[in-house]
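>
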Amino acid sequence: MIRFLINIAISLITAAIGLLVTSWILPDFHLDAAGFIVAVLVFTIAQAILAPFIFNMARQYASAILGGIGLVSTFVALLIASLFPNGIRVDGIVTWILATLIMWIITALGTWLLGLWWLKGRVEERRANS
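Throughout the sequence shown, residue numbering follows the numbering used here, covering 14 to 143 in sequence.
1) Could you tell me the alpha carbon to alpha carbon distance between V89 and R140, rounded to whole angstroms?
2) Based on the DSSP secondary-structure assignment, which residues constitute the bridge partners of L44?
3) Using 10 angstroms around the beta-carbon of A59, count the other beta-carbons present and answer buried if the total reaches 16, otherwise exposed.
4) With a cut-off of 8 Å on the beta carbons, I'd call T27 and G123 a contact; round off their distance for me.
5) If we count Cβ pairs, one from each stretch, closer than 8 Å, do we get three or more for the stretch 106-118 versus the stretch 15-25?
6) Could you spell out the range, first to last residue, of the alpha helix (DSSP H) harbouring L91?
7) Label I38 either buried or exposed according to how many other C-beta atoms from any shown protein chain fall within 10 Å of its C-beta, with 16 as the threshold for buried.
8) Report all residues from its chain with a CB closer than 7 Å to the CB of A29; omit the five preceding and five following residues, and keep chain order.
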């Protein structure tokens, strides 16, 4: 249960960082301060639900695109998050593509790095208790 909660926290943190960085980098990616938390929550939930679903669909029907599953689920999660009012707004196809890439890179790297950091802390804690 602790691992599940840590994974949720990591997903929320990386989504928040990703949305902030994306809004700073891309002038046509608009993030409303009032809807920031809703955008983070919707993106995180959508990503958590969509990634396994899209993976299974691709594995069954289009195995050639398995490597792009993270990008596809990130794009769809951004699309869903943009449907909620006062959250995010993306103008232009180039911004959609770049926002998807930036969010995918930040969430993937952030999940990996924060996971390693948490795991390192657990190993050091166990060594200290031994």
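Glycine included, C-beta positions come from ideal geometry on N, C-alpha and C.
Reading from the atomic positions:
1) 42 Å
2) I101
3) With 16 or more Cβ atoms within 10 Å of its Cβ, A59 is classed as buried.
4) Contact flag correct, Cβ pair sits at about 3 Å.
5) no
6) 82-95
7) exposed
8) V53
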